[in-house]
Ligand SMILES: [Zn+2]
Ligand SMILES: [Zn+2]
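If you want it as structure tokens, here you go:
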């Protein structure tokens with residue numbers, strides 16, 4: 134049944150038409166994970182075993198500290214530090230470097246989100262293949278951020294037949310290329326506006342072209358600079 138647990142969120146987020154729908158699903162998962170780890174799961178022994186060995190990335194420590202209480206987070210840190218010291222005290226320099234290289238790439242929250250995103254992609258292709266309405270929702274998307282565009286193209290190879298994949302890739306590439314062309318036009322116009330000949334012209338849709346380009350390239354939203 135786990136195959137279909139994201140049917141409703143997928144339909145919801147693909148109906149929003151507000152940026153990349155997979156980013157907004159990612160944000161939903163991230164919010165859930167941060168709320169759980171700073172709430173109910175915090176003192177759970179089986180979770181603590183994992184947070185002790187996996188640790189957290191900078192982004193997720195920061196998010197935990199914005200929503201969670203400081204003492205429970207300090208307790209997580211306390212046993213995580215103990216485990217790090219315990220595991221490295223007998224290692225030589227080379228193995229210690231290896232240990233920390235792996236730890237830097239690890240994060241309990243990132244790992245949980247990754248696992249759930251796998252199910253989201255699996256559900257996505259199930260809906261894409263079987264639900265006409267969902268397929269239309271997919272086709273009506275304005276854009277995907279490039280990391281999720283790439284992931285759709287990668288996961289598609291896993292969940293679709295060769296023939297289905299070719300159709301899907303073409304549909305997706307059409308959506309993305311159309312958007313990238315629009316974005317290109319907006320950035321072009323933004324640059325032109327700094328030329329005195331275009332000074333009096335309208336900004337058209339280019340005022341936030343920089344912010345939208347960063348979002349498209351990275352999947353990360355930045356705030357608009359208010360300085361012109
Ligand atoms: Zn995205
Ligand atoms: Zn993380």
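Numbering (the working numbering), first residue to last: 134 to 361.
Where a beta carbon is used, it is the ideal one built from N, C-alpha and C, also for glycine.
Whole angstroms are fine: how far does the CA of residue j sit from the CA of residue i?
i	j	result
residue 324	residue 339	9 Å
residue 221	residue 229	6 Å
residue 244	residue 277	22 Å
residue 160	residue 146	11 Å
residue 149	residue 225	53 Å
residue 290	residue 298	6 Å
residue 237	residue 210	15 Å
residue 218	residue 296	53 Å
residue 213	residue 196	18 Å
DSSP three-state call for residue i: helix, strand or coil?
i	result
residue 140	helix
residue 179	helix
residue 206	helix
residue 226	helix
residue 235	helix
residue 338	coil
residue 345	helix
residue 184	helix
Do residue i and ligand 2 come close, with the Cβ less than 6 Å from some heavy atom?
i	result
residue 213	no
residue 180	no
residue 242	yes
residue 324	no
(message) Give me the pocket residues for ligand 1, defined as CB within less than 5 Å of any heavy atom, sorted by chain position.
(response) 153, 155, 156, 278, 281, 352
(message) Contact between the segment 259-278 and the segment 302-314 is defined here as three or more beta-carbon pairs at a separation below 8 Å; is this criterion met?
(response) yes
(message) Could you check whether the segment 164-174 touches the segment 281-288, counting it as contact only if at least three pairs of C-beta atoms, one from each stretch, sit closer than 8 Å?
(response) no
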